[in-house]
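The sequence shown begins at -13 in my numbering and counts up by one.
Here the structure comes first, spelled out in structure tokens, and everything after it is commentary.
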Amino acid sequence: MTTYKLALIPGDGIGVDVTDAAMKVMAAAASRFGFALESESFPWSCAYYLEHGTMMPEGGIETLRGFDAIYLGAVGWPATVPDSVSLHGLLLPIRKAFNQYANIRPHRLLPGVEGPLKAEGFDILCIRENTEGEYSGAGGRLHEGKDNEVAVETSVFTRAGVERILRFGFEQARARRGHLTSVTKSNAQKYSMVFWDEVTRELAAEYPDVTVSHMHIDAMAAKMVMAPQDLDVVVASNLFGDILTDLGAAIQGGLGFAASANINPDRSAPSMFEPVHGSAPDIAGQNIANPIAAIWSGAQMLEHLGEAEASTAVLAAIEAATAKGIGIRPGLNTTQEITAAVIAALEA
Ligand code: IPM
Ligand code: MN
């Protein structure tokens, strides 16, 4: 029997609640489809930071490298640790260290879920660059606290980085409905975004079967509200993709439904799976967080591990639960009820 080694980082707030829920579903999928999941849980979080002064121990990255996949709940507890510290101490370094350059975020309505839009039949796959761009971390502050204070934060776009994420997007488009929308702001940002547009055109020549649209981020934000059904694969830089995927979550009914996979496509290091949502301190530990985004992220993990049948079954089980009205609106069902409904559908 194949055994997969998972590193679990439940993290903070509802990250703990939804990781527990997702792992229960993953365990049910494993026993139904005949593989084993062996998981080790790491307490790295803001609570860990308060005790140790770091979000993860020295060598944490090397510890994670030995696993087949990483599953993360959510990171952040801004009442005690600034987000800029907690995220740069855990989530963001993992994405970069393991070259998880493709952040895959699907946006569509699950059966029974009512989104805020009139449009229903949309199915968007957002491919967000996940290691460089506006999140490069290059920058600094001068004359801190003085009148002449300066803060500089530099976006970094490398040919290798831009080419590989666009290529990934083209491949996804080819495997879906054959349409790729590349999102930039090249009318205002004349170096990096013009460069991105150029690389898109170069690659388009290699993918004659994919139709390509170029859109600016502002127009794209409007399009996702007005005509999301016209979109297939959307590829964007790190920050643009971050913003568009919260919008994507909103049109699919809320952050409780938005899944996310941080993929290292060449498999030279583990990939990481986490819902798009954050730690939601206001509802943490109350058994009311929607675990569907987390469970869906778990399905993405199973697919990446090579358990396609189990992955499809988990997604079908989520859909069976929501089609019955379970978990379709905040406050309707507890975390445990939703989890149990998904497991029941999986085992049916
Ligand atoms: C996300 C989150 C993170 C990001 C934050 C928590 C740093 O918003 O995964 O979308 O911006 O990437
Ligand atoms: Mn985000």
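Note that the Cβ used here is the ideal one computed from N, Cα and C, for glycine as well.
Computed from a predicted structure; not experimentally measured.
- In the three-state reduction of the DSSP assignment, GLY98 falls in the coil class, being assigned neither a helical nor a strand state.
- DSSP places TYR35 in the helix class (H, G or I) of the three-state scheme.
- Secondary structure at ILE278: helix, using DSSP grouped into helix, strand and coil.
- Listed in chain order, the non-local C-beta contacts of ALA327 below 6 Å within the same chain comprise ALA307, ILE312, local neighbours out to five positions each way being set aside.
- Counted as a single uninterrupted DSSP element, the alpha helix (DSSP H) harbouring ASN224 occupies residues 224 to 237.
- Proximity of the beta carbon of THR231 to the ligand IPM is indicated: a heavy atom of the ligand is located closer than 7 Å.
- By alpha-carbon distance to GLN272, the top candidate from ALA299, GLY317, GLY147, GLY39 is GLY317.
- When secondary structure is reduced to three states using DSSP, VAL136 falls in the strand class.
- One residue list follows from the rule of a beta carbon closer than 5 Å to any heavy atom of the ligand IPM, given in chain order as LEU73, ASP228.
- In the three-state DSSP reduction, PRO79 falls in the helix class (H, G or I).
- A check of alpha carbon separations from PRO29 across LEU23, PHE19, ALA16, PRO43 identifies PRO43 as the nearest.
- Taking a C-beta distance under 8 Å as the contact criterion, ALA275 and ALA266 qualify as a contact pair.
- In the DSSP annotation of this structure, the continuous segment of the alpha helix (DSSP H) that includes GLY147 starts and ends at 145 to 161.
- Counting only runs of 3 or more residues that sit fully inside the stretch 277 to 312, no beta strand (DSSP E) segment turns up.
- Setting aside the 5 residues that flank it on each side, GLU120 is surrounded in the same chain by SER141, SER223, ASN224, LEU225, each with a C-beta closer than 7 Å to its C-beta; the list follows chain order.
- Residues LEU152, SER168 of the same chain have their beta carbon placed closer than 6 Å to that of THR186, with the five preceding and five following residues left out of the count.
- With a cutoff of 7 Å, VAL262 counts as near the ligand MN, since its C-beta is closer than that to a heavy atom of the ligand.
- Taking all protein chains shown into account, ASN173 has fewer than 16 neighbouring C-beta atoms within 10 Å of its C-beta and is therefore exposed.
- According to the DSSP assignment, LYS(-9) belongs to no alpha helix (DSSP H) but to the beta strand (DSSP E) extending over -11 to -3.
- Around the beta-carbon of GLU260, 16 or more other beta-carbon atoms lie within 10 Å, marking it buried.
- Burial check for GLU118: the Cβ neighbour count within 10 Å reaches 16 or more, so the residue is buried.
- Per DSSP, ARG18 is one residue of the alpha helix (DSSP H) stretching across 0 to 19.
- HIS129 counts as exposed, since fewer than 16 other beta carbons sit within 10 angstroms of its beta carbon.
- Judged by DSSP in its simplified three-state form, GLU323 adopts helix.
- Around the C-beta of GLN215, fewer than 16 other C-beta atoms lie within 10 Å, and the residue is accordingly described as exposed.
- ARG187: member of the alpha helix (DSSP H) spanning 178 to 190, first to last residue.
- Measuring C-alpha to C-alpha distances from LEU78 to each of LEU95, LEU233, ASN116, GLY52 identifies ASN116 as the nearest.
- ARG315 and ALA285 have their C-alpha atoms spaced approximately 21 Å apart.
- Residue environment for ASN85: buried (at least 16 other C-beta atoms within 10 angstroms of its C-beta).
- Here DSSP, grouped into helix, strand and coil, assigns HIS129 to coil.
- Rounded to whole angstroms, the separation of the alpha carbons of ILE(-5) and ALA16 is 20 Å.
- Rounded to the nearest angstrom, the gap between the Cα atoms of GLU188 and GLU149 is 9 Å.
- Straight-line measurement puts the Cα of SER257 at about 8 Å from the Cα of ALA247.
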